[in-house]
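The structure under discussion appears below in the form of structure tokens.
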């Protein structure tokens, strides 16, 4: 595959993770997670057999589906759109993460055998996930932040190691984290009708 | 049938079975306690890897179970660890009908035990990270059962435990690369950094421990006590396994210096924060931090005596935390606020609960004649040889925790009531008195109890 094609999943990662920061609407958030896992699959399929790499995509999308189903079932009201200043603050934070990821990737690539674009994508996802986790108390967004960090880690770890057991257990953890999110959402009482 | 099947697969299957039985809470708790007792007894009597002669039938229990190209290994040297883990499970499940008979506890609690045993058994060891995470995910329904909203402490618990997974997996891979090229010392340092970060997240090490007291206030003290007893125990044993299996870590003086500094910080902050705490659930959280700090201090000694102290400290620590959590659960179940104001004069109405609470806290702070003292004294002695600063820090932390105990004592007996009553029912009385007597017996005859637990160290032969 031509080198330039790797910029497509990198673009998906950047767009997906920034949109996670920009909006609180769960539909867009789940869509962003789906995009991120597509990018993860793209990168992992270059170093792992396609069948094994597909586990990442299936697990990631299943996690998204579980969360989406749970939000729908819990009948939660749509979260209020945050103020424009808050959104700008988050995106500025996101841009700092992007700058950090682009600058740190060449050094990191010296000791982890991953492609440059994969490394950048991985660092972007880890950084954006941590940023997300540090700025929220909402269970759904916490879970989305954790999934983002884990997906970023999966890209570089796949470049470092190929193992069926690790692939299976990481998929289990991904789905487990999303099930935890679904469980937490089911505990949140719906708002009293006014 | 191999040993991993007996101590990992069977409890996992029973846990799944108990999930279907969850409507029968008492029965499922009894079954969970029963299977834990059986597995604990089997770990004492069944020789792994040696021929067993049973009524003329001779067979051997293999120690290895291959799964997808990797192995789960439980050898004869791991048997004391199995006894400890399943013994711990048996006691907590057996007490649950009185303290917290929740329908989700037996199945998910057993799932946690099976996952943590798998984490200790898996080879290569780096895969343990994923199995510990599985145990953490199993603990979530126990900590936030239906009816309780999810607080920030619980969220942070999940966040920190999950962040440990990438750090440990990555450290494992880096260690493999470094061992293939021993001249590259930078790779060893990176591996050590990630490993330290992973264990810091797992153990709730300073400064990543704020979730511990927060989580305690958001959930029932009994399940929180179970999780905070089991998880650090397994993670500390896993840490020992990492040190045992990695020559670079064993020989690194810097590692043990860092562990000592972190240990001091945890003991000092845990003890001091507890001294000024008005919420008893948070005091439990600080007790866990304080105990983990002392475990790290024992590790930092890095001599045979240090390792023996580390192993010996398990029993008094787990017993004190059990009684502490049980006493808090009794109060919580009675609707008594777990604050200093809430327990004012409580010794007049709940004398045995107050006694249990006090004995546990004083044992943790190393009060004379109680279980915690013998090990504490030995650790102080070792620290006096290796690091005076650490000794002073440990002293400050211990004084803080002792002050906390005295503060609680003054509140418990502060009452205008003239008469004493005993609200606790008979089973509660028996358990609380028994627990206090055990704490006293451990303190009076330490060698009787500590001798067997030292066999845990058999699993880590390279440490000494």
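Residue numbers (this note's numbering), protein chains in the order written: chain A, 2 to 195; chain B, 855 to 1318. The C-beta atom is built at its ideal place from N, Cα and C for all residues, glycine as well. Computed from a prediction, not measured in an experiment: that's the story for all the values here.
Inter-residue spacing [alpha-carbon to alpha-carbon] between residue i and residue j
i: residue 166 (chain A); j: residue 930 (chain B); result: 25 Å
i: residue 1139 (chain B); j: residue 1070 (chain B); result: 6 Å
i: residue 1288 (chain B); j: residue 1038 (chain B); result: 56 Å
i: residue 72 (chain A); j: residue 1175 (chain B); result: 38 Å
i: residue 1199 (chain B); j: residue 28 (chain A); result: 54 Å
i: residue 973 (chain B); j: residue 93 (chain A); result: 40 Å
i: residue 157 (chain A); j: residue 904 (chain B); result: 43 Å
i: residue 1296 (chain B); j: residue 1177 (chain B); result: 14 Å
i: residue 125 (chain A); j: residue 102 (chain A); result: 6 Å
i: residue 1272 (chain B); j: residue 1208 (chain B); result: 17 Å
i: residue 1068 (chain B); j: residue 136 (chain A); result: 18 Å
i: residue 942 (chain B); j: residue 1168 (chain B); result: 11 Å
i: residue 870 (chain B); j: residue 48 (chain A); result: 36 Å
i: residue 1078 (chain B); j: residue 877 (chain B); result: 22 Å
i: residue 1202 (chain B); j: residue 1274 (chain B); result: 5 Å
i: residue 195 (chain A); j: residue 26 (chain A); result: Because the pLDDT of residue 195 (chain A) is 42, which lies under 50, any placement of that residue in the model is unreliable, and the number read from its coordinates should be weighed accordingly. Cα-Cα distance, rounded: 22 Å.
i: residue 1230 (chain B); j: residue 891 (chain B); result: 30 Å
i: residue 855 (chain B); j: residue 913 (chain B); result: 10 Å
i: residue 1072 (chain B); j: residue 15 (chain A); result: 36 Å
i: residue 1242 (chain B); j: residue 1250 (chain B); result: 12 Å
i: residue 18 (chain A); j: residue 1221 (chain B); result: 53 Å
i: residue 83 (chain A); j: residue 1194 (chain B); result: 40 Å
i: residue 111 (chain A); j: residue 1021 (chain B); result: 18 Å
i: residue 149 (chain A); j: residue 37 (chain A); result: 8 Å
i: residue 1237 (chain B); j: residue 1045 (chain B); result: 28 Å
i: residue 1213 (chain B); j: residue 87 (chain A); result: 50 Å
i: residue 1135 (chain B); j: residue 1116 (chain B); result: 23 Å
i: residue 895 (chain B); j: residue 934 (chain B); result: 11 Å
i: residue 107 (chain A); j: residue 1041 (chain B); result: 17 Å
Opening and closing residue of the alpha helix (DSSP H) in which residue i lies
i: residue 1039 (chain B); result: 1039 to 1057
i: residue 6 (chain A); result: That residue, residue 6 (chain A), is in no alpha helix (DSSP H); it is neither H nor E in DSSP.
i: residue 960 (chain B); result: 959 to 975
i: residue 26 (chain A); result: Element bounds for residue 26 (chain A): n/a, residue is neither H nor E.
i: residue 138 (chain A); result: Taken as a continuous stretch (DSSP letters only), residue 138 (chain A) belongs to no alpha helix (DSSP H), as it is neither H nor E.
i: residue 889 (chain B); result: 879 to 899
i: residue 49 (chain A); result: Counting along the chain, residue 49 (chain A) falls outside any alpha helix (DSSP H), and DSSP gives it neither H nor E.
i: residue 91 (chain A); result: 85 to 112
i: residue 1312 (chain B); result: Run containing residue 1312 (chain B): none; DSSP gives neither H nor E here.
i: residue 187 (chain A); result: 165 to 188
i: residue 1015 (chain B); result: 1006 to 1034
i: residue 869 (chain B); result: 864 to 874
Residue i, enclosing beta strand (DSSP E) - first and last residue
i: residue 905 (chain B); result: 905 to 908
i: residue 925 (chain B); result: 924 to 927
i: residue 937 (chain B); result: Unbroken run through residue 937 (chain B) is the alpha helix (DSSP H), 933 to 953; no beta strand (DSSP E).
i: residue 921 (chain B); result: 918 to 921
i: residue 914 (chain B); result: 911 to 914
Residues near residue i in its chain [Cβ-Cβ closer than 7 Å; skip 5 each side]
i: residue 976 (chain B); result: 924, 926, 982 and 985
i: residue 1006 (chain B); result: 1068
i: residue 1298 (chain B); result: 1223
i: residue 1225 (chain B); result: 1170, 1173, 1174, 1217, 1293, 1296 and 1297
6 Å Cβ shell around residue i - same chain, five flanking residues per side excluded
i: residue 193 (chain A); result: Residue placement at residue 193 (chain A) cannot be trusted, given a pLDDT of 47 that sits under 50; the coordinates are not used to answer.
i: residue 951 (chain B); result: 880 and 883
i: residue 1094 (chain B); result: 1314
i: residue 936 (chain B); result: 861 and 897
i: residue 1305 (chain B); result: none
i: residue 1244 (chain B); result: 1114, 1118 and 1237
Close beta carbons around residue i, own chain, < 8 Å, minus the five adjacent residues each side
i: residue 1311 (chain B); result: 1161, 1162, 1165, 1317 and 1318
i: residue 147 (chain A); result: 130, 134 and 178
i: residue 140 (chain A); result: 182, 185, 186 and 189
i: residue 1188 (chain B); result: 1204 and 1277
Below-9 Å beta-carbon distance, residue i vs any chain C residue
i: residue 164 (chain A); result: Going by chain labels, chain C is absent from the structure shown, which instead holds the protein chains A and B.
Hey, is the stretch 991 to 1011 of chain B in contact with the stretch 1102 to 1110 of chain B, meaning 3+ C-beta pairs nearer than 8 Å? no
Counting pairs of beta carbons, one from the stretch 986 to 995 of chain B and one from the stretch 1028 to 1042 of chain B, are three or more of them closer than 8 Å? Fewer than three beta-carbon pairs drawn from the stretch 986 to 995 of chain B and the stretch 1028 to 1042 of chain B are found closer than 8 Å, and the two stretches are therefore not classed as touching.
Alpha helix (DSSP H) segments (min. 4 residues) lying fully within the stretch 1153 to 1220 of chain B: 1158 to 1166, 1168 to 1187 and 1205 to 1218
Are the stretch 1019 to 1029 of chain B and the stretch 1070 to 1088 of chain B touching, with three or more C-beta to C-beta distances below 8 Å? no
Are three or more beta carbon pairs between the stretch 7 to 20 of chain A and the stretch 35 to 48 of chain A nearer than 8 Å? yes
Would you check if the stretch 1142 to 1156 of chain B and the stretch 1259 to 1272 of chain B touch, i.e. whether three or more CB-CB distances between them fall below 8 Å? no
Using 8 Å as the Cβ pair cut-off and three pairs as the minimum, do the stretch 1268 to 1284 of chain B and the stretch 1153 to 1165 of chain B touch? The stretch 1268 to 1284 of chain B vs the stretch 1153 to 1165 of chain B: no contact.
Alpha helix (DSSP H) segments (min. 4 residues) lying fully within the stretch 1225 to 1310 of chain B: 1226 to 1240, 1242 to 1267, 1280 to 1298 and 1300 to 1307
Inter-stretch contact (C-beta, 8 Å, three-pair minimum) for the stretch 909 to 922 of chain B and the stretch 171 to 186 of chain A: no
Specify whether the stretch 1055 to 1070 of chain B and the stretch 1008 to 1022 of chain B touch according to this definition: at least 3 beta carbon pairs, one from each stretch, less than 8 Å apart. yes
Length at least 4, wholly inside the stretch 1085 to 1164 of chain B: the alpha helix (DSSP H) runs in chain order: 1101 to 1104, 1107 to 1129 and 1134 to 1155
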